[in-house]
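In this note's numbering, the protein residues as written are 77 to 199.
First the structure, in the form of structure tokens, and then the observations on it.
Structural data, given as structure tokens:
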């Protein structure tokens, strides 16, 4: 079974009208793997950050850029009383990774990226 959107090179939000979107409000999943299984079985589509698409490839799924999707904001929570021990090193690594994956400034946003929709595909 191949979803009609799987053949598109890119999508707009209007293209997603009427599609069942797995967004946490309609059906909760406990893991990305569970969400991807629902998508692969044709139960819906999902918007995911570009970083997920680059990390999770899976037979039966395709990712397509949604060109007019709003940017995804990424935040790191740190202790209010300051960063000690390994926390500063973790923040440096996480910020550098976000910069590399997103092409953004790494200061809370994934600038220059779009969200992606997963759609089942037999390709």
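Even for Gly, the Cβ is constructed at its ideal location relative to N, Cα and C.
Bear in mind that the values here come from a model prediction, so they are computed numbers and not experimental data.
Under a Cβ-count criterion, where at least 16 other Cβ atoms within 10 Å of its own Cβ denotes burial, should residue i be classed as buried or exposed?
i: residue 148; result: buried
i: residue 166; result: exposed
i: residue 164; result: exposed
i: residue 189; result: Interpretation of residue 189 is limited by its pLDDT of 39, a score under 50 that renders its predicted location unreliable; the figure taken from the coordinates is listed afterwards. Under this definition residue 189 is a buried residue.
i: residue 154; result: exposed
i: residue 98; result: buried
According to DSSP, is residue i part of a helix, a strand, or is it coil?
i: residue 156; result: coil
i: residue 167; result: helix
i: residue 81; result: helix
i: residue 190; result: Low confidence applies here, because residue 190 scores a pLDDT of 43, under 50, leaving its location unreliable; read the following figure in that light. The answer is coil: DSSP assigns residue 190 none of H, G, I, E or B.
Which residues share a DSSP beta bridge with residue i?
i: residue 132; result: None; residue 132 has no bridge partner.
i: residue 86; result: 141
Taking 7 Å as the threshold (C-beta atoms), are residue j and residue i in contact?
i: residue 152; j: residue 129; result: no
i: residue 89; j: residue 144; result: yes
i: residue 127; j: residue 177; result: yes
i: residue 140; j: residue 84; result: yes
i: residue 116; j: residue 136; result: yes
Taking the continuous beta strand (DSSP E) assigned at residue i, which residues delimit it?
i: residue 123; result: 122-124
From which residue to which residue does the alpha helix (DSSP H) around residue i run?
i: residue 109; result: 108-116
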